[in-house]
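The structure under discussion appears below in the form of structure tokens.
Protein chains in written order, with the working numbering: chain A, 1 to 109; chain B, 1001 to 1112.
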């Protein structure tokens, strides 16, 4: 069975500070991986997707970047956080059906 | 431009009633329509999904009705239970990797 793990569970960060969120999937070879962002009470906005190691496609520009250093790992990061980055970050895997991790709650103060 | 629209934004029903959640889309290339539910402070989970080859998909108390001509679908929850209280997202995807567009969700509250 496939398992997807996100870290950290939650973060409280200051405006202008850097951020790195991680996602690891086990039990699936060469998965398609995605990053989604959800504002409180909002919809799910796709940020990035990757179909293979080293290749990441950006869907929307939010002053964030993503990387896929390993087949089972997807990283979301920024050098300078904005207040608007607050929200719920979700990593997912799949092709048409997406399966989400437990998410990371980010508060930028 | 919102490609997937959901209505109502929120819905309240009593236990045992049927809840009807609506969804419409604009892009004719969409060929896969999953519904996700999300409980407070949890991540979304797949509930039920349909492809345009069918106009109905049933799974227990949950049924999707699909109208390809009108580009509309609806999720019917029969015999609603308090445990069904959640936000329901309609999504649409095409056979292109990475394309799954979500609606803004319907918040369902079921009172006992």
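Built from N, CA and C at the ideal position, the CB exists for glycine as well.
If you drop the 5 nearest sequence neighbours on each side, which residues of the same chain put their C-beta closer than 8 angstroms to that of residue i?
i: residue 1045 of chain B; result: 1036, 1037 and 1038
i: residue 1057 of chain B; result: 1048, 1049, 1050, 1063, 1064 and 1066
i: residue 55 of chain A; result: 68
i: residue 1055 of chain B; result: 1065, 1066, 1067 and 1068
i: residue 85 of chain A; result: 19, 62, 63, 64, 78, 106 and 108
Kindly list the residues whose CB is nearer than 6 angstroms to the CB of residue i, restricted to its own chain and excluding five residues on each side of it in sequence; keep chain order.
i: residue 1014 of chain B; result: 1111
i: residue 100 of chain A; result: 90 and 92
i: residue 105 of chain A; result: 10 and 88
i: residue 1078 of chain B; result: 1018 and 1061
i: residue 39 of chain A; result: 87
i: residue 70 of chain A; result: none
Is it true that the CB of residue j sits closer than 7 angstroms to the CB of residue i?
i: residue 90 of chain A; j: residue 78 of chain A; result: no
i: residue 1019 of chain B; j: residue 1080 of chain B; result: yes
i: residue 1091 of chain B; j: residue 1030 of chain B; result: no
i: residue 81 of chain A; j: residue 20 of chain A; result: no
i: residue 1048 of chain B; j: residue 1062 of chain B; result: yes
i: residue 1043 of chain B; j: residue 103 of chain A; result: yes
i: residue 27 of chain A; j: residue 3 of chain A; result: yes
i: residue 50 of chain A; j: residue 33 of chain A; result: yes
i: residue 96 of chain A; j: residue 25 of chain A; result: no
i: residue 1109 of chain B; j: residue 1012 of chain B; result: yes
i: residue 1021 of chain B; j: residue 1075 of chain B; result: yes
i: residue 1023 of chain B; j: residue 1103 of chain B; result: yes
Exposed or buried, residue i, counting other C-beta atoms within 10 Å across all chains shown (16 or more means buried)?
i: residue 1087 of chain B; result: buried
i: residue 1082 of chain B; result: exposed
i: residue 66 of chain A; result: buried
i: residue 12 of chain A; result: exposed
i: residue 1059 of chain B; result: exposed
i: residue 5 of chain A; result: exposed
Starting from the beta carbon of residue i, find every residue of chain B whose beta carbon is closer than 9 angstroms, and list them in chain order.
i: residue 90 of chain A; result: 1043 and 1044
In chain order, what residues of the same chain have a beta carbon less than 7 angstroms from the beta carbon of residue i, not counting five sequence neighbours either side?
i: residue 52 of chain A; result: 30
i: residue 1017 of chain B; result: 1080
i: residue 1053 of chain B; result: none
i: residue 1025 of chain B; result: 1003, 1004, 1071 and 1092
i: residue 83 of chain A; result: 15 and 108
i: residue 94 of chain A; result: 32
i: residue 36 of chain A; result: 44, 45, 46, 47, 90 and 92
i: residue 8 of chain A; result: 104
I want to verify the contact list: residues of chain A whose CB lies under 9 angstroms from the CB of residue i, in sequence order.
i: residue 1005 of chain B; result: Result: empty, since nearest Cβ-Cβ is about 11 angstroms, beyond 9 angstroms.
i: residue 1034 of chain B; result: 96, 97 and 98
Residue i versus chain B: which residues are under 8 angstroms apart at the beta carbon?
i: residue 102 of chain A; result: 1042 and 1043
So residue i contacts chain B; which residues on that side make the cut at Cβ distance below 7 angstroms?
i: residue 44 of chain A; result: 1044, 1089 and 1102
Which chain A residues are close to residue i, counting only those with a beta carbon under 7 angstroms from its beta carbon?
i: residue 1049 of chain B; result: 97
i: residue 941 of chain B; result: The structure shown does not extend to residue 941 of chain B, since chain B is modelled only from 1001 through 1112, so no value can be given for it.
Quick one: does residue i have its CB under 7 angstroms from some CB of chain D?
i: residue 1093 of chain B; result: Note that chain D does not occur in the displayed structure, where the protein chains are A and B.
Margin query: For the pair the region 1002–1009 of chain B and the region 1069–1080 of chain B, tell me if three or more CB-CB distances fall below 8 angstroms.
Written below: no
- Task: Mind the definition here: the region 57–73 of chain A touches the region 31–47 of chain A only if three or more C-beta pairs lie below 8 angstroms; say whether that holds.
- Result: yes
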